[in-house]
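To start, the structure itself, in structure tokens.
Numbering (my numbering), first residue to last: 1 to 360.
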């Protein structure tokens with residue numbers, strides 16, 4: 001581990017917990033340690049790397065401090081998020097991809113993991129085996145280290161992708177691995193890079209089997225549900241709640257952050273009526289429904305990669321005819337959708353911050 005980060009974390013831990021520390025607990029032969037801790041408490045100095053090996057064992061012994069505790073104070077682990085619906089075709093990939101883009105625009109470092117057998121996220125970012133011959137399956141089966149499979153996203157500095165080339169069905173259906181082995185196969189590589197990112201986001205595959213067959217739910221911290229404006233979404237929500245209740249028994253850290261609507265067509269009244277009715281029923285059930293949703297935008301689908309370029313680059317590409325099959329009206333729709341995702345992402349961050357503050 002990084003000694004400099006651990007030392008900085010140790011100094012901050014002592015400052016935060018100064019009222020708890022009883023110097024007299026340290027035995028007589030640790031005068032140097034006691035003196036240094038006292039100086040930190042008095043804000044006369046900070047720990048240096050030379051102090052770490054002498055002081056940390058005592059604080060670990062008397063106050064049960066771990067190295068993870070120290071690192072959390074200076075370089076917290078990423079928040080792990082699953083974007084999910086048990087159905088296919090509701091826009092999980094599009095939403096997870098654009099939410100990641102918005103997080104990066106806000107200065108966050110993000111890892112997007114494509115766990116869908118179809119590999120839509122991988123294709124959306126035009127990632128192929130030429131960019132990385134390895135994917136999530138190879139990481140989970142310990143054929144490759146996760147860092148060697150991650151690919152920087154094109155056009156999006158700060159966003160990395162762990163691709164999927166369609167082999168995940170082999171991993172999920174293999175009878176060889178036990179449930180705990182499957183969970184560890186996710187936990188170990190994710191934890192190894194968790195301090196490299198602010199957020200790790202899973203683009204989820206459709207699933208309604210036992211949650212143990214989908215270990216992502218047993219390692220995720222937050223789950224957000226994508227829904228379409230349809231009366232059938234209520235039935236899907238009820239099924240999802242039963243599914244999640246089984247997951248909560250094994251992952252008490254999993255938080256259902258709420259549901260948001262995608263592909264909203266404001267000119268189709270029966271869809272709007274259905275959406276409002278479903279949203280009302282979900283709220284009465286005690287689940288948060290996001291105020292911000294995503295309007296339907298055909299243009300954005302046709303130019304996914306270019307959407308992630310900066311505004312001037314996008315406009316230049318459009319003016320130069322580099323974007324085929326798209327008109328000015330669709331360009332406007334793309335930027336309108338950008339606004340939708342910006343507002344949705346702000347709301348997601350607010351929900352996460354609320355949970356974090358409640359748990360402090």
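Glycine included, every Cβ here is placed at the ideal spot set by N, Cα and C.
Since we're looking at a predicted model, the values are computed, not measured.
- Query: Which whole-angstrom value is the C-beta distance of residue 157 and residue 121, which I expect to be below 8 Å?
  - Reply: No, residue 157 and residue 121 are not in contact; Cβ-Cβ is about 18 Å, not under 8 Å.
- Task: Determine the direct distance from the alpha carbon of residue 61 to that of residue 230, and round the result to whole angstroms.
- Result: 57 Å
- Message: Bridge partners for residue 13 per DSSP, in chain order?
- Response: In the DSSP output, where bridge partners are listed per residue, residue 13 has none listed.
- Message: Just to confirm the assignment, what range does the alpha helix (DSSP H) spanning residue 101 have?
- Response: For residue 101, the uninterrupted alpha helix (DSSP H) segment begins and ends at 92-105.
- Query: In this structure, does DSSP put residue 339 in helix, strand or coil?
  - Reply: Helix, per DSSP.
- For residue 111, the residue or residues it bridges with in DSSP: 160 and 200
- Task: Leaving aside the five residues before and after residue 257 along the sequence, list all residues of the same chain whose C-beta is less than 6 Å from its C-beta, in chain order.
- Result: So the list reads 222, 224 and 351, once near-sequence residues are dropped.
- Task: For the alpha helix (DSSP H) holding residue 278, just list the boundary residues, first then last.
- Result: 269-284
- Message: Between which residues of its own chain and residue 142 is the CB-CB distance below 8 Å, once the five residues before and five after are set aside?
- Response: 185
- Item | C-beta atoms of residue 76 and residue 4 nearer than 9 Å | no
- Does DSSP classify residue 256 as helix, strand or coil? strand
- Item | Where residue 337 falls, given that 16 or more other Cβ within 10 Å makes a residue buried | buried
- Message: Quick check on the DSSP output: the alpha helix (DSSP H) that includes residue 117 runs from which residue to which?
- Response: Taken as a continuous stretch (DSSP letters only), residue 117 belongs to no alpha helix (DSSP H), as it is neither H nor E.
- Which first and last residues belong to the alpha helix (DSSP H) in which residue 243 is found? 232-248
- Query: Do the region 101-113 and the region 273-282 meet, that is, are 3 or more Cβ pairs less than 8 Å apart?
  - Reply: no
- Message: To the nearest angstrom, how far is the alpha carbon of residue 198 from that of residue 126?
- Response: 24 Å
- Message: For residue 345, which residues in the same chain have their Cβ closer than 8 Å to its Cβ, ignoring the five residues on either side in sequence?
- Response: Closer than 8 Å at the Cβ level, and outside the excluded window around residue 345, lie 99, 102, 103 and 106.
- Item | residue 140 to residue 215 span [Cα, whole Å] | 11 Å
- Item | Cβ neighbour criterion (16 or more within 10 Å) applied to residue 303 | With a pLDDT of 48 at residue 303, under the threshold of 50, the modelled position of that residue is not reliable, and no figure is offered here.
- Is residue 3 helix, strand or coil by DSSP? helix
- Item | Assigned secondary structure, residue 409 (DSSP; H/G/I helix, E/B strand, else coil) | Residue 409 lies beyond the stretch modelled for the chain, which goes from 1 to 360, so this question has no answer here.
- Query: What residue from 196, 192, 166 and 137 has the CA that sits closest to residue 160's CA?
  - Reply: 196
- Item | Endpoints, beta strand (DSSP E) assigned at residue 224 | 222-227
- If we count the other Cβ atoms within 10 Å of its Cβ and call it buried at 16 or more, is residue 44 buried or exposed? exposed
- Task: Would you please state the rounded distance, in angstroms, between the beta carbons of residue 88 and residue 206? I believe it to be under 8 Å.
- Result: 4 Å
- Task: Could you tell me which of 57, 218 and 357 sits nearest to residue 247, measuring between CA atoms?
- Result: 218
- Residue range of the alpha helix (DSSP H) that residue 18 falls in? Judged by DSSP secondary structure, residue 18 falls outside any alpha helix (DSSP H); it is assigned neither H nor E.
- Message: At the level of alpha carbons, what is the spacing between residue 28 and residue 194?
- Response: Note that residue 28 scores a pLDDT of 49, beneath 50, so its modelled location is shaky and nothing firm can be said.
- Look at the alpha carbon of residue 167 and the alpha carbon of residue 117, and state the distance between them as a whole number of angstroms. Rounded to whole angstroms, the gap between the alpha carbons of residue 167 and residue 117 is 7 Å.
- Message: DSSP three-state label for residue 354, please.
- Response: helix
- Report the three-state DSSP secondary structure of residue 81 (helix, strand or coil). Residue 81: strand per DSSP, three-state reduction.
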